[in-house]
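Below is one structure, written out as structure tokens; the observations come after it.
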Amino acid sequence: MPGYRITPLADGLGFGATVSGLTLAQLQDEGVRRAIHDLWIDKGVVLFRDGEDSPAMQSAVSACFGQNQQHLFPEVRVEGNPDLVTVKYWRGNGTIVEIDGKAIGGWLPWHSDLAYSARINRGGVLRPIELPARGGGKTGFIDQIAAWDRLPAALQARIDGLHAVYVMDLNPEHMRFGRPAQVRLIEEAPSFHGIQQREWEFPRILHPMVYEQRETGRKVLNVSPWFCAGIYELGGREGEALMHEVVAHCTDPALAYYHDWQPGDMVAWDNWRTLHSATGVDPDDRRLMHRTTIFGDYALGRVLEHHQSATFDV
């Protein structure tokens with residue numbers, strides 16, 4: 015359409031798109047907003063580059079995909095703008111982990127936002143405010159529609175109809191699936207500590223391991239390695255082995271795209287169909303991002319009650 019251009023996110027990548035040159039004035043047009051929304055549904059991840067760079071533009075882009083919502087944790091909200099949350103790292107105000115012997119600041123494993131909640135947000139839009147001087151700080155994305163399509167048919171049949179159990183635990187040392195060989199928490203962010211102190215306020219949650227994208231009918235592998243505790247219908251060693259096998263498929267490096275941020279970029283992702291991660295930065299560097307949270311409920315999450323049976327009507 016006049017005024018902006020759509021190209022692939024990366025050569026050979028089966029998902030994602032880049033929108034170049036979009037302006038806030040163009041987003042006043044309902045046809046433009048609908049086109050951006052439809053592109054996002056089709057591609058899952060959309061990079062906005064060489065357009066306007068402002069909180070107003072970020073909120074307007076986010077509104078193409080749904081209502082902006084305040085984040086569940088007040089500790090991470092941007093003061094004076096409740097639509098935005100901070101994703102930040104610097105010494106004294108960030109988390110440092112040791113991954114396979116190397117200290118990394120602001121590292122995040124593969125996950126879906128709010129997987130530990132029955133109502134998973136629709137997505138988000140991320141925008142850099144301060145990028146690390148030493149490099150790094152990439153954000154990874156994996157398309158779970160493509161991950162499902164790549165699963166062997168026998169594995170698809172085994173997990174379709176099963177449910178994953180999720181718990182709110184931010185400590186990467188406690189990860190059961192998709193965990194690096196060696197991970198050690200060195201330093202906690204103040205917000206991390208405050209949230210973790212309230213961990214018992216959050217019940218265990220169930221989400222189906224597979225569901226259909228409502229707009230297209232495409233199947234989605236709906237598994238978040240971080241926060242996952244196991245398979246509800248299949249405990250013990252058999253269930254654990256099955257989840258390890260599924261997570262190995264859905265985090266296959268061949269499926270991943272890592273975004274190398276430039277000033278002025280914005281990236282919108284569909285949280286119902288993509289995993290994301292953060293590669294982290296040098297512990298002595300800094301990184302500050304602002305993010306929106308897009309309201310939504312795919313209506314398939316359930317709070318796990320002690321008396322609940324293994325029969326589901328979803």
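Using the working numbering, you'd call the opening residue of the sequence shown number 15 and step up by one each time. Glycine included, each C-beta is placed from N, C-alpha and C at the ideal position. What you are looking at is a predicted structure, and each value in this text was computed from that prediction instead of being measured.
Same chain only: Cβ atoms within 8 Å of His-258, ignoring 5 sequence neighbours per side | Phe-191
Cβ-based neighbour list, Pro-217, same chain, cut-off 7 Å, excluding 5 preceding and 5 following
Val-317 and Leu-318
Checklist entry - Going straight from the alpha carbon of Phe-326 to that of Cys-242, what length do you get? => result With a pLDDT of 42 at Phe-326, under the threshold of 50, the predicted position of this residue should be treated as unreliable, though the coordinate-derived value follows. About 19 Å.
Practice task
Could you spell out the range, first to last residue, of the beta strand (DSSP E) harbouring Leu-98?
Solution key: 95-103
| query | Can the beta-carbon of Pro-166 be found less than 8 Å from the beta-carbon of Pro-239? | reply | no
Given 8 Å as the limit, is there contact between the segment 225-232 and the segment 104-120, that is, 3 or more CB pairs closer than that?
no
Notebook entry, point to check: Mind checking whether Arg-198 and Val-111 have CB atoms under 8 Å apart?
Noted result: yes
Exercise. Give the secondary structure of Asp-157 by DSSP, where H, G and I count as helix, E and B as strand, and everything else as coil.
Key: strand
Stretch pair the segment 67-77 + the segment 302-312: three plus CB contacts closer than 8 Å
yes
Would you call the segment 200-210 and the segment 142-158 touching, i.e. three or more CB-CB distances under 8 Å?
no
### Query
Between the beta-carbon of Lys-102 and the beta-carbon of Tyr-272, is there less than 8 Å?
no
- Message: Can you find the residues in the same chain that come closer than 7 Å, C-beta to C-beta, to Asp-311, ignoring five residues on each side of it along the sequence?
- Response: Arg-133
Run through DSSP, which three-state label would Cys-78 get? coil
**Study point:** Euclidean distance between Cα positions of Asp-266 and Asp-43
**Key:** 39 Å
From His-221, Ser-73, Gly-244 and Glu-213, residue whose alpha carbon lies closest to that of Asn-95: Ser-73
I'd like to know whether the C-beta atoms of Val-139 and Met-280 end up nearer to each other than 8 Å.
yes
Practice task
Whole angstroms is fine: what's the gap from Val-261's alpha carbon to Phe-29's?
Solution key: 19 Å
- Have a look at Gly-231 and Pro-297 and give me their C-alpha separation to the nearest angstrom. 43 Å
query: Short check: CB of Gly-58 to CB of Arg-287, under 8 Å?
result: yes
> Short check: CB of Asn-285 to CB of Arg-47, under 8 Å?
Replying inline: no
Reduced DSSP secondary structure (H/G/I, E/B, other) of Ala-134: For clarity, residue 134 is Ile in the given sequence; the question names Ala instead. Three-state result, Ile-134: coil.
Judging by CA-CA distance, which residue of Pro-194, Met-223, Ser-76 and His-188 is the nearest neighbour of Gln-210? His-188
_Arg-198, enclosing beta strand (DSSP E) - first and last residue_ = 197-201
- Message: I'd like the list of long-range same chain contacts for Gln-83, defined as Cβ closer than 6 Å, with 5 residues on each side in sequence excluded.
- Response: Thr-307 and Phe-309
Beta carbon of Leu-235 nearer than 8 Å to that of Trp-283:
no
* Using three-state DSSP, classify Gly-45 as helix, strand or coil. => helix
* Tell whether a beta-carbon distance below 8 Å holds between His-263 and Ala-129. => no
Separation of Leu-176 from Arg-251, as counted between CA atoms
16 Å
Practice prompt. Measure from the alpha carbon of Ala-171 to the alpha carbon of each residue in Ile-20, Leu-256 and Leu-41, then state which is nearest.
Written response: Leu-256
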